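Engineer: Below is one structure. I have some questions about it.
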Amino acid sequence: MELQTLTYLVVGFTFAIYIGIAVWARAGSTSDFYVAGSGVHPVTNGMATAADWMSAASFISMAGLISNMGYGGAVFLMGWTGGYVLLACLLAPYLRKFGKFTVPEFIGDRYYSQFARNVAVICLLVASIVYIIGQMTGVGVTFARFLGVSSDTGIYLGMAIVFAYAVFGGMKGITYTQVAQYIVLILAYLVPAFFISLNLTGNFLPQLGLGSNLAGTDVALLAKLDQVVTDLGFSQYTTTAAGSTINMLFFTISLMIGTAGLPHVIVRFFTVPKVADARSSAGWALVFIALLYTTAPAVGAMARLNLIGTTNTAVGITQDASGQLIINADVAKQRGDLFAPEASLLYEDRPEWMKRWERTGLLKWEDKNGDGRIQFYNSATNNPEILAKAEAAGWKGNELTVNADIIVLANPEIAQLPNWVIALVAAGGLAAALSTAAGLLLAISSAISHDLIKGAIKPDISEKGELLAGKISMAAAIFVAGYLGLNPPGFAAGTVALAFGIAASTIFPALMMGIFSKTITDKGASAGMIAGLAVTLFYVFAHKGIFFIKGTEYLDLIGGANSFFTISPEGFGTVGAIVNFVVAFLVSKMGAPVPSHIAAMVDSVRTPKGAGAAVGH
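For the sequence shown, position 278 matches number 278 in the numbering used here, and the numbering has no gaps at all.
This is how it looks when you write it as structure tokens:
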């Protein structure tokens, strides 16, 4: 069947499933809307949590980042998965035992302050809205490539789908929809990885294929990749770190505590019946996440080798009778001349997948030396030997620009896999983006309707009124997210930094101190969150521009890029968290002590007993 038709059928079928589930599991009460009635099985919740967490960033971007960064991309694997360990051990059981609907509600009650609750709401809203922009943009890109519509139209379609199952289904509908989305996205990720690993190494498990020899040779896949990328002027794949050692450490910690502090993930643990179930579902979430995260390094490495092998025949990758990419053992064993004139791919002979992705603007070619061939190398290298070889070959600079975000989506196309695999990947990319978008929208909705309207503006609002307010809030949030997705103010690399940085520097410290300390006061917690937020935003905006508006950067004011102990803005959430802890401790020391009934509540939350249902107040 023709690819476009098949893609329409597969994507349309999955969308029908999502909407059908939402109708079946629609919310009828505030408990259903916010926490699915606290009756979700731990395994089901673990699968839904995995889908909630594995966003467009995980599905679409992470393998691309690893493909470009190599070893340095390990910060994402260690940070994001490590954050779940923190969440399972330090936060989830205690927050579930506390038994309320939202993270700001816990902060407001623990710190006996509506002001602290409002500060938490602001932090939650900013982090969630920034995070959701990436999901809507990912939806637009995926629709644009696979459904043949513009990215703007893709965003409109994504808004409509999320509206259909999130507004009416609430947490109950979202939970079971996310289970279906997890199944779709994990199959979409693993199936092409199995094909590609088998073709390149003869081992169908990509986790093992990554450490195996290339098929028919005694050359390790990673050794060949190292040789190829260094010969073309790129950094060595298996050793290059993400900046300095301290930056890699702070970057990893920021991702870890940012993960543990993301409100749309934490709220999932309010949906299970018991405290023990919260810890169990966190464990199951790790299992389900590990299926993708242990595969991502192989996807990144194999995609990088296939991409370079497509543009340069000296790598040793060719096509079999069915058109799929396989290893040419005789060539792969050699250290071929990558700069030989006949090695570079003729542009007119480029494969169909290149033509399709060129239409999206995410893959571009510029014939700088006029020879009609594609030269793909690092022309910005400082290696004089590489530059001399390029000059001798008549190369005038790198001619192929590949957006890292297309690596996973284009991976089965690069490997020339069957059309049904490509269609499945399209459905998986959309499932990943939509599942996280729904979780974020619910976090935004509950913060507005439950924490602001019921908690501060109109405490006597009826359950029916609160439910209506929640649905209206979510609908409004969908339109805001869609607008920002259509008009992103130069976000790109700064989006993840801000979303995780805010969660790491504000929400996580407040939760940790709220659970494990009886001495942190309302003023201390509020001051800590504000200080952590201010410091993090100041540093991130210095690099990325105020609210990511280009031209408003102020690097000179802070002494240049990464001037604070070489720490990048992506890792600065760790510094913000440290500031939060210190300020909260000092301010608490200067004021009145925590009331005795609050101290008793903290002791009670940590006592290893069961918990009742999550309730509002």
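We put the beta carbon where it would ideally sit given N, CA and C, even for glycine. Everything numeric in this text was worked out from a predicted model, so none of it was measured.
How is S344 classed by DSSP in three states: helix, strand or coil?
Structural biologist: It is a strand residue.
Engineer: Give the single residue among T153, I246, D451 and G482 whose Cα lies nearest to the Cα of I122.
Structural biologist: Looking at the Cα atoms, D451 is the closest of the given residues.
Engineer: Whole angstroms are fine: how far does the CA of V315 sit from the CA of K389?
Structural biologist: Their Cα atoms are separated by approximately 17 Å.
Engineer: Please tell me whether, using a cut-off of 7 Å, the distance from the CB of K396 to the nearest non-hydrogen atom of the ligand NAD is below it.
Structural biologist: Judged by which ligands are present, the structure shown has none, so any question about the ligand NAD falls away.
Engineer: Run through DSSP, which three-state label would Q319 get?
Structural biologist: The answer is strand: DSSP assigns Q319 an E or B state.
Engineer: Report the CB separation of A296 from M62 in whole angstroms; it is logged as a contact under 8 Å.
Structural biologist: The pair is a contact, with the Cβ atoms about 5 Å apart (cut-off 8 Å).
Engineer: Taking only three categories from DSSP, how would you classify V272?
Structural biologist: V272: coil per DSSP, three-state reduction.
Engineer: With distance defined between alpha-carbon atoms, name the residue in N382, I406 and D337 nearest to L362.
Structural biologist: Checking every option, the nearest Cα to that of L362 belongs to I406.
Engineer: On the DSSP bridge assignment, give the partners of R373 in chain order.
Structural biologist: Paired residue(s): L346.
Engineer: Taking I530 as the reference, which of F516, I507 and M513 has the closest Cα?
Structural biologist: Nearest C-alpha to I530: I507.
Engineer: Taking Cβ to Cβ, would you say G258 is nearer than 8 Å to A503?
Structural biologist: Contact flag set, yes.
Engineer: Considering only the beta carbon of each residue, do S473 and N247 sit closer than 8 Å?
Structural biologist: Not in contact: S473 and N247 (Cβ atoms no closer than 8 Å).
Engineer: Alpha carbon to alpha carbon, how far is A74 from T81? Give it in angstroms, no decimals.
Structural biologist: If you take the alpha carbons of T81 and A74, they lie about 11 Å apart.
Engineer: Thinking C-alpha only, which one of V402, G336, L292 and V421 is nearest L6?
Structural biologist: Taking only the C-alpha atoms, the option nearest L6 is V421.
Engineer: So, with DSSP's three-state summary, where would you put I326?
Structural biologist: I326: strand per DSSP, three-state reduction.
Engineer: Could you tell me which residues DSSP puts in a beta bridge with K364?
Structural biologist: DSSP output for K364 lists T401 as bridge partner(s).
Engineer: Taking the alpha carbon of S596 as the point to measure from, which residue in A48, K518 and A321 has its own alpha carbon closest?
Structural biologist: Ranking the options by Cα distance to S596, first place goes to K518.
Engineer: Could I get the ranges of all uninterrupted alpha helix (DSSP H) runs contained in the region 55-140, with 4 residues as the minimum, in chain order?
Structural biologist: The region 55-140 contains these whole alpha helix (DSSP H) runs: 63-69, 74-86, 92-98 and 103-110.
Engineer: Give the DSSP-derived three-state secondary structure of N45 in the structure shown.
Structural biologist: In this structure, N45 counts as helix in the three-state DSSP scheme.
Engineer: Specify the secondary structure class of N247 as computed by DSSP and reduced to three states.
Structural biologist: N247 falls in the helix class under three-state DSSP.
Engineer: DSSP three-state call for A242: helix, strand or coil?
Structural biologist: Residue state, collapsed to three classes: coil.
Engineer: Does Q181 pass the burial test, meaning 16 or more other C-beta atoms within 10 Å, or should it be called exposed?
Structural biologist: Result: buried.
Engineer: Please confirm whether Y18 and I186 have their CB atoms less than 8 Å apart.
Structural biologist: No; because the gap between Cβ atoms is not below 8 Å, this pair is not in contact.
Engineer: Where does A16 sit, in a helix, a strand or coil, going by DSSP?
Structural biologist: In the structure shown, A16 sits in a helix (DSSP, three-state: H, G or I).
Engineer: Helix, strand or coil for A220, going by three-state DSSP, please let me know.
Structural biologist: DSSP places A220 in strand when its eight states are reduced to three.
Engineer: Given A51, which residues of its chain have a CB within under 6 Å of its CB, disregarding the five upstream and five downstream residues?
Structural biologist: Correct list, in chain order: Q178, Q181, Y182 and S435.
Engineer: My output table needs one value for N213: the three-state DSSP class, helix, strand or coil.
Structural biologist: N213 falls in the strand class under three-state DSSP.
Engineer: Taking the alpha-carbon positions, what's the F146 to M54 distance?
Structural biologist: Answer to the nearest angstrom: the Cα atoms are 20 Å apart.
Engineer: By Cβ distance below 6 Å, which residues in the same chain neighbour N306 in space, the five residues on each side in sequence not counted?
Structural biologist: Closer than 6 Å at the Cβ level, and outside the excluded window around N306, lie L325, I414 and A415.
Engineer: State the DSSP-derived secondary structure class of N419, mapped to helix, strand or coil.
Structural biologist: Helix, per DSSP.
Engineer: Any beta carbon from chain D within less than 8 Å of L205's own beta carbon?
Structural biologist: The structure shown contains no chain D; it is built from a single protein chain.
Engineer: Mapping the DSSP letters down to three states, classify N383 as helix, strand or coil.
Structural biologist: Coil, per DSSP.
Engineer: Determine the DSSP secondary structure at N199, reduced to helix, strand or coil.
Structural biologist: Reduced to three states, the DSSP call for N199 is helix.
Engineer: Span of the alpha helix (DSSP H) holding W395?
Structural biologist: Note, W395: premise wrong, no alpha helix (DSSP H); not H, not E.
Engineer: Since A510 is in the alpha helix (DSSP H), which residue starts that stretch and which ends it?
Structural biologist: Its alpha helix (DSSP H) spans residues F508 to F516.
Engineer: Per DSSP, what kind of secondary structure is N562 in: helix, strand or coil?
Structural biologist: Coil at N562, not helix or strand.
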